[in-house]
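Structure record follows, encoded as structure tokens.
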Amino acid sequence: MKLPLWFHRLGSPPFVYRLAERLNPWLGAATVASLGIGAYWGLFVAPPDYLQGDAARIIYIHPQTAYVGMMAYVVLAVSAAIGYIWRIKLAHAVAVSAAPIGASFTFCALVTGSIWGAPTWGTFWQWSDPRIMSELLLLFLFLGYMALRAAFDERDKADRVSAILGVVGVVNVPIIHYSVLWWNTLHQGPTFSGTRIAMDTSMLIPFLIMLAGFTALFYWLLLRRLQAEIVDRERGTRWLGSLAREGAK
Amino acid sequence: MSEFFSMGGNGAYVWSAYGITLAVLIWNVWAARSRLKRNLRLAAQTGEAEQPARTPKVSQL
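Residue numbers (the numbering used here), protein chains in the order written: chain A, 652 to 900; chain D, 71 to 131.
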């Protein structure tokens, strides 16, 4: 099978760096616009929940940050696997870039969930809850991945060893997703299952705008961090030397 | 307006959740940006001289 040229280019650091540079303002604008509109809609326009009142407005940030955290882990695991199997250094650079973003959003999901739990479940935290524990494990997987990398002086070795942890840890992602169905938990079941959407349109619109906004934010940050990682890995090459000198002027 | 900020008595929960998320969001943007800037500055200082040439010279072949 013959692959198209653009596919090969995705393994080239200068090409990806320049592509990220071009996409940067668009992703930034999409993030700011959708999160701005979505937050305004969710806080000011959308009605309060009939049961939870205004506390339910956390629904415009909590599931979104949790979703982005899980998506970040899948991106990390897939790129780590690509980097490990085909020895593509740029793929490892993507995995490295996804880790701190994923960790910070998973942290957000845990904190907002905890805050939401106080008025609705009557507790901030439940050590025996499978959804909370699997989400906490996700945070530890991100942190473990970063700590493991930091333990190696050689980057190639750090890439290969941390990739194994990254790939093995992906098993936790479906566990988080299905935890509310497999075990008894304080957490509610899925709002979207198949074609059933258990949310009114007045809430669904800001919900989806915020989801799009956080997704755009993730890719914006991912490409920014990937650029930083490429610059770090390519130091001393001719293309980067001229680019960095131009930027420093 | 104060009624809006009180969020029916749940203001502390709603606003702290949004506030923490916003803080993490801003940190993320700042961290990514400063990392790129720092690495670009380092790359500009390093230059190309320290690295061996990638194409071998005739004498090396």
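Quick reminder that beta carbons are idealized off the backbone N, C-alpha and C, glycines included.
Asked: Endpoints, the alpha helix (DSSP H) within which residue 833 (chain A) is located; Found: 823–833
Asked: Cβ pair residue 773 (chain A), residue 792 (chain A) closer than 7 Å; Found: no
Asked: Secondary structure of residue 756 (chain A), DSSP reduced to three states; Found: helix
Asked: Assigned secondary structure, residue 848 (chain A) (DSSP; H/G/I helix, E/B strand, else coil); Found: strand
Asked: Buried versus exposed call for residue 780 (chain A) [16 or more other C-beta atoms within 10 Å across all chains shown]; Found: buried
Asked: Any chain D beta carbon closer than 7 Å to residue 810 (chain A); Found: no
Asked: Under the three-state DSSP convention, the category residue 780 (chain A) falls into; Found: coil
Asked: Chain A within 7 Å of residue 89 (chain D), Cβ atoms only; Found: no
Asked: Distance between beta carbons of residue 102 (chain D) and residue 879 (chain A), contact taken as under 8 Å; Found: 7 Å
Asked: Distance between beta carbons of residue 849 (chain A) and residue 970 (chain A), contact taken as under 8 Å; Found: Past the boundaries of the shown model lies residue 970 (chain A); chain A is included only from 652 to 900, so the question cannot be answered.
Asked: Short Cβ contact (7 Å threshold) for residue 98 (chain D) with residue 706 (chain A); Found: no
Asked: Contact set for residue 100 (chain D): own chain, Cβ-Cβ below 7 Å, skip 5 residues either direction; Found: none
Asked: 7 Å CB neighbourhood of residue 681 (chain A) in its chain, flanking five on each side removed; Found: 867
Asked: Residue 723 (chain A) to residue 845 (chain A) span [Cα, whole Å]; Found: 23 Å
Asked: Contact with chain A by residue 102 (chain D), beta-carbon distance below 7 Å; Found: yes
Asked: Selected residue, minimal CA-CA separation from residue 784 (chain A), among A:672, A:668, A:858, A:826; Found: A:826
Asked: For residue 695 (chain A), the three-state DSSP class (helix, strand or coil); Found: helix
Asked: Contact the region 858–878 of chain A vs the region 744–756 of chain A: 3+ CB pairs below 8 Å; Found: yes
Asked: Amino acids of chain D, ordered along the chain, whose beta-carbon sits closer than 7 Å to that of residue 766 (chain A); Found: 83, 86, 87
Asked: 8 Å contact criterion, which residue 763 (chain A) and residue 709 (chain A) should meet: CB distance rounded; Found: 6 Å
Asked: Short-range partners of chain D found in the region 692–712 of chain A, where Cβ spacing is below 7 Å; Found: 699, 704, 705, 706, 708, 709, 712
Asked: Sequence-distant residues of its chain with Cβ nearer than 6 Å to residue 595 (chain A) (five each side left out); Found: The requested residue 595 (chain A) is not part of the displayed model; chain A covers only 652 to 900.
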